Structure formats: C-alpha cells, structure tokens
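Each remark here refers to the structure printed beneath this line.
2 protein chains.
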Amino acid sequence: MWNSKDIYYISDSTGILVESLGQALICQFQEISFYEETYPFIQTTEAARKAMDEILAKSAGLRPVIFSTIMDEEVRRIFDRPEVEFFDGFAFLLDRLESCLEAKALRAPGFTHHQNSDKMDKRVEAIHYCLGHDDGTNIKEYDEADIIILGVSRAGKTPVSVYLATQMGIKAANFPLTAEDLSRDTLPEHITNNLQRAIGLTSSPEVLHQMREKRYAGSTYASLATCRQEVQQAQQIYLKYDIPYISSTGKSIEEIAAQICQELGISRKK
Amino acid sequence: MWNSKDIYYISDSTGILVESLGQALICQFQEISFYEETYPFIQTTEAARKAMDEILAKSAGLRPVIFSTIMDEEVRRIFDRPEVEFFDGFAFLLDRLESCLEAKALRAPGFTHHQNSDKMDKRVEAIHYCLGHDDGTNIKEYDEADIIILGVSRAGKTPVSVYLATQMGIKAANFPLTAEDLSRDTLPEHITNNLQRAIGLTSSPEVLHQMREKRYAGSTYASLATCRQEVQQAQQIYLKYDIPYISSTGKSIEEIAAQICQELGISRKK
Chain A
1 MWNSKDIYYI SDSTGILVES LGQALICQFQ EISFYEETYP FIQTTEAARK AMDEILAKSA
61 GLRPVIFSTI MDEEVRRIFD RPEVEFFDGF AFLLDRLESC LEAKALRAPG FTHHQNSDKM
121 DKRVEAIHYC LGHDDGTNIK EYDEADIIIL GVSRAGKTPV SVYLATQMGI KAANFPLTAE
181 DLSRDTLPEH ITNNLQRAIG LTSSPEVLHQ MREKRYAGST YASLATCRQE VQQAQQIYLK
241 YDIPYISSTG KSIEEIAAQI CQELGISRKK
Chain B
1 MWNSKDIYYI SDSTGILVES LGQALICQFQ EISFYEETYP FIQTTEAARK AMDEILAKSA
61 GLRPVIFSTI MDEEVRRIFD RPEVEFFDGF AFLLDRLESC LEAKALRAPG FTHHQNSDKM
121 DKRVEAIHYC LGHDDGTNIK EYDEADIIIL GVSRAGKTPV SVYLATQMGI KAANFPLTAE
181 DLSRDTLPEH ITNNLQRAIG LTSSPEVLHQ MREKRYAGST YASLATCRQE VQQAQQIYLK
241 YDIPYISSTG KSIEEIAAQI CQELGISRKK
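Here it is, written out as structure tokens:
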C-alpha cells in the first residue's frame, strides 16, 4: 500500500466535476494521505503539455494519479502516459452511452453549465431570495418561499439555505427560533400559513453547545443547559405544528439539503 | 437515435455527484430530450428493490438509463438488470484505483462529505462571512476577505460570492461599483488596501441591460446607455488600480468562480 499519493484533476472546464468524482473515490482509502491539485480549463494541446510537464516534474517517478474529464481526444491523450496512472472519468461511460442512445456525443467542453439559461436565472433568483430572507428577515414574503427552514441558533439553517438556493435553485428562507418564540411556543402566522413548506432542523445539544462556545465562550447562550432546553422546546414546536424535522448533527451541508428535499417531497426531477 | 430517454440517478448518499456525472454526459447529446429523476439515500436492498420496481413501472419497456454510484455490491446488483442500461460511475474506476494504490477501498456510502469537519467548518464560516459582506456591507472588515469581487449592479457578484463560499470555503466579499464610485473614479481605502485580493467582474452592456430591464423596466438605471457607460467606467477603474477582471457574460456561476480562483492564483490544492 502507498502511504501517500499525488492526485491531479484535469478538466477542459471548471474541474468541479472531476474533483468531486476523484474525491468520492479516494475518500474510500482512508489510510492513504493524498496531495490534490486541479488544472481547470485545459482546452488546448499547448495548455495540456505545460500542465503535464509540471505534473511530471512535481511527482517525479512517483506515478501520480490523474483524473480527467477532457473531451477532446488529442488533448486527452497528452495525459494518458505510462509515467502516470490515468483515469478517464468519461470515456468508458460516454462510449457506452453513445451506443445505448444510438447517437454521437458532441464531445464539446464545458457544456454542463450551459444546459439551459433558465435554470441559471432560477438559481440567481433563488440566491438573491435566500440572502434577502436569511435569519428571519422579510418574513412577510414567506409566501414566495419554496422552503422555510426553522431552527435554533447555530443549528445550520443558513448554510443549508444557501446551498439549496445555489445548487438547486430553491428559494429557501430560514427562520431562527429565538428564546422568545420558544418560550411562547407559537410561530408567526407567516410561517403557520406556509406549514406545508416548513422544515425544522434539530441538533444534539452537545454539538450545539460546542458550536456556540466557539463564538460566545462561557455565555448563557452557549451553555449546555440552554442548548438542551432550546433543542427540546424546538422539537415541541415541530410536533405541535406537525412540522417534519431532521437532525443536522454529523451531517454535511449536502446531506442535510438532500434530506430536506426528500422530506418535503421536493422532486429533483428535471 | 432515441428522441427521448429516461435517466435515473441512484445513490447511497445525496445523489449530487451521480447527477453531476450523468448530466455532464447526457448534455453531450443535445438532440435527445431527457427525463431525469434522482433516488438518493438508497442504502438497503429493500429501498433498492422498491426504487427499481418504480423505475421499471415508469419506463416500461423503454430501457431507461440508470447511473449509479452505489458502493454496496448487493444493493448495486439490484439495479444492474437486463431491462435497463446500467452505468456504474464508480466500479470500473474504483477497482483500478485499488490496484494502483495497492489498497482495498472501504466501499462505504456517503463518505465524500465527511472527509474532514475542518473543511466543513471553513465552509460554514465562509458562508456567514459572505452573507455579512454582500453588496458592500461591512467594508471595514475586508482585511479578513479571501476575495473581494467588484462590479456594477447585476454583473453577477452575489451568486459568484455565495458559490465561492459554499463550495470552496472562500471568504468572498462583494462590492458594488455605484454611479457615485464610477464618476469619482476612485475606490475606498478598504479596497485599495487589499488590491491583491480584488477581482473585477465585467459584462456586455447588452446583457446587463436585459438583466436590469427584468427588474426595473424602462428605468434610466436599466437603459442601454447607462449600462454602456457603467461598464466602461468600471473597466477604467480596474485598469487604474491594476485589478484583474473577467467577463461574466455567457458564463455559469461555476465557470466565473473557477476563473476567479485561477486569476487570483487561489490554489485549489488540498
């Protein structure tokens, strides 16, 4: 087994997909430490040769791994050399897809993000909505929201809202359950009028305590006792209004976002 | 050639990667219309059978395409059936990776997003910074920014800032070049003190005009003349302060973000 390995991500576009693909694969080898570097926008043989020379110089003799999503055959071939372990994220799949669709692939770079500009406009609009409706602002406009995320402070509402807007074009508003709301045990009408789009976040009191300590160490706000109470009161509110809720503890932003879509039956059909 | 095809994305985790992978492939076939649906969190044989039954019922006889990133062999096999075109995004690559790393893959689901929690904390922090420094707010704290994005109204500053924070954990602030700044032809000291981290966005006046018309149709603000002048004045400022700038016209959020990183030499090494 190798203790460490150099990983290079080569793309004729942003490199975001080839990074995700490679990282999903190498994270399955927890005992090996990886050095990762990305070369985006490699669209010419010149750019490819320059990148390949750099890579070979850096990892001299250590057989670096190259993950590629290069479409152009000539550019691709420059990286497919015996000195490296070359992994093509596409070729094998694209060839098979051509035969099963009985059509020729365009093999043009950077297409993914251009599929349709309506989708892009929708994302931009969702991002602006999300920023304008973060942390309980402009609650009067909750009728326009696709999702309303409730939760106590530091439960992870904002990152998830932003992710839903940026990646999925979902107008996500988020509302903080303050000590006041919690003790009153009631929600504003702008939320109760939109319960079918409301989702609650909960968290383990211990993790919440740690999160809050980072910002306001030693405060009552951050104390474990306060966190325990708020988490419990929040769950009571979710139950009272029959709002589905999920725990953010130990989950990535992506996982919480995907779970919310699943929970609210927000289809990811396209 | 098929005119349309049903595409199903199956994942034992969020399904985000398998969607990206599949979409990068099918967008290479522009003449075929695709129906896409995602089945996330398929981790048991029961969930797999239920999903497979649904898929077969929906696409009866039309040989749907299934893209999968399922790690578990038993679960995976449930989808790999003669009635469908089964594409495994991983197997082929993972097997080869095992031999080239001389190690066994864990083949555990949902690992990608758990690689390290520091990275997650960094993203959360970046998101909060980004929201707190959108559209010229808290400019006094620009010393903490990783990137300061300048641009005229509607050039795409906010979506790109949010993307950089959410996906890359980059503390991105953005500053609007208002008619005032533009006519004064000077930038605030909080920006001039951080020029090495500043990047300008520009846009074609025509596109900017269209964007602004959507919000304030017929206004001076949205007029082509105003857009022409502002774009030109913005470029003068970029040149005056030697700020690198890129055009957002016709580019996706991802492309602009990746270009900004490249332009500012913000390494995507990990």
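Residue numbers (my numbering), protein chains in the order written: chain A, 1 to 270; chain B, 1 to 270. All C-beta atoms, glycine included, are put in the ideal place defined by N, C-alpha and C. Keep in mind the model is a prediction, meaning the values are calculated, not measured.
{"Query": "Run through the DSSP bridge pairs and tell me what P176 (chain A) is partnered with.", "Result": "A:G151"}
{"Query": "DSSP on K5 (chain B), reduced to helix/strand/coil?", "Result": "strand"}
{"Query": "Could you tell me whether the stretch 235-253 of chain B touches the stretch 187-200 of chain B, using the rule of 3 or more Cβ pairs below 8 angstroms?", "Result": "yes"}
{"Query": "Measuring only between beta-carbons, confirm whether E73 (chain A) sits less than 9 angstroms from chain B.", "Result": "no"}
{"Query": "Under 7 angstroms Cβ to Cβ from A108 (chain B), same chain only, skipping five residues before and after it: list those, please.", "Result": "M71"}
{"Query": "To the nearest angstrom, how far is the alpha carbon of G136 (chain A) from that of A257 (chain A)?", "Result": "19 angstroms"}
{"Query": "Which residues in chain B have a C-beta closer than 7 angstroms to the C-beta of T166 (chain A)? List them in chain order.", "Result": "V162, Y163 and T166"}
{"Query": "What does a CB cutoff of less than 7 angstroms around Y142 (chain A) pick up in its chain, not counting 5 residues either side in sequence?", "Result": "I148, A173, H190, I191 and N194"}
{"Query": "Kindly say whether H209 (chain B), judged by its beta-carbon, lies nearer than 9 angstroms to any beta-carbon of chain A.", "Result": "no"}
{"Query": "Could you check whether V124 (chain A) and G250 (chain B) sit closer than 9 angstroms to each other, using their CB atoms as the reference points?", "Result": "no"}
{"Query": "Should R212 (chain A) go down as buried or exposed, given a rule of 16 or more other Cβ atoms within 10 Å for buried?", "Result": "buried"}
{"Query": "Could you have a look at F67 (chain A) and say whether DSSP puts it in helix, strand or coil?", "Result": "strand"}
{"Query": "Output the distance between the C-alpha atoms of S152 (chain A) and Y8 (chain A), rounded to the nearest integer angstrom.", "Result": "Looking at the sequence provided, one finds Val at residue 152 (chain A) rather than Ser. Straight-line Cα distance between these residues: approximately 41 angstroms."}
{"Query": "Using beta carbons (cut-off 9 angstroms, strictly below), is K171 (chain B) in contact with chain A?", "Result": "no"}
{"Query": "Between the Cα of L280 (chain A) and those of A:L164, A:R76, A:V84 and A:Q233, spot the shortest distance and give me the residue it belongs to.", "Result": "Any question about residue 280 (chain A) goes unanswered here, given that chain A covers just 1 to 270."}
{"Query": "Would DSSP call G200 (chain A) helix, strand or coil?", "Result": "strand"}
{"Query": "Quick one: complete beta strand (DSSP E) runs, 3+ long, within the stretch 19-83 of chain A?", "Result": "33-39 and 65-68"}
{"Query": "Would the beta-carbon of S59 (chain A) fall within 9 angstroms of that of S11 (chain A)?", "Result": "no"}
{"Query": "For P205 (chain A), count neighbouring Cβ atoms within 10 angstroms of its own Cβ and tell me buried if that reaches 16, exposed if not.", "Result": "buried"}
{"Query": "Quick one: does T14 (chain B) have its CB under 9 angstroms from some CB of chain A?", "Result": "yes"}
{"Query": "Would the beta-carbon of T158 (chain B) fall within 9 angstroms of that of E255 (chain A)?", "Result": "no"}
{"Query": "Hey, how far is the Cα of D297 (chain A) from the Cα of R77 (chain B)?", "Result": "As displayed, chain A neither begins before 1 nor continues past 270, which places residue 297 (chain A) out of reach and without an answer."}
{"Query": "Could you check what DSSP says for Y245 (chain B) in three-state terms: helix, strand or coil?", "Result": "strand"}
{"Query": "Please list, in chain order, all residues of the same chain as G169 (chain A) whose beta carbon is under 6 angstroms from its beta carbon, the five residues on each side excluded.", "Result": "K122, R123 and A126"}
{"Query": "Using the rule of at least 16 other Cβ atoms within 10 Å of the residue's Cβ for burial, across every protein chain shown, is S267 (chain A) buried or exposed?", "Result": "exposed"}
{"Query": "Looking at the structure shown, is E85 (chain B) part of a helix, part of a strand, or coil, going by DSSP?", "Result": "strand"}
{"Query": "According to the neighbour-count rule (16 or more other Cβ atoms, all chains shown, within 10 Å of its Cβ), is Q23 (chain B) buried or exposed?", "Result": "buried"}
{"Query": "Could you tell me which residues DSSP puts in a beta bridge with I10 (chain B)?", "Result": "B:Y39 and B:S68"}
{"Query": "Pull up the CB-CB distance for Q83 (chain A) and T45 (chain A), whole angstroms please, since I reckon it's below 8 angstroms.", "Result": "Strictly speaking, residue 83 (chain A) in this sequence is Glu, with Gln absent from that position. Actually they are not in contact, since the Cβ atoms of E83 (chain A) and T45 (chain A) sit about 18 angstroms apart, beyond 8 angstroms."}
{"Query": "Mapping DSSP to helix, strand and coil, what is E102 (chain B)?", "Result": "coil"}
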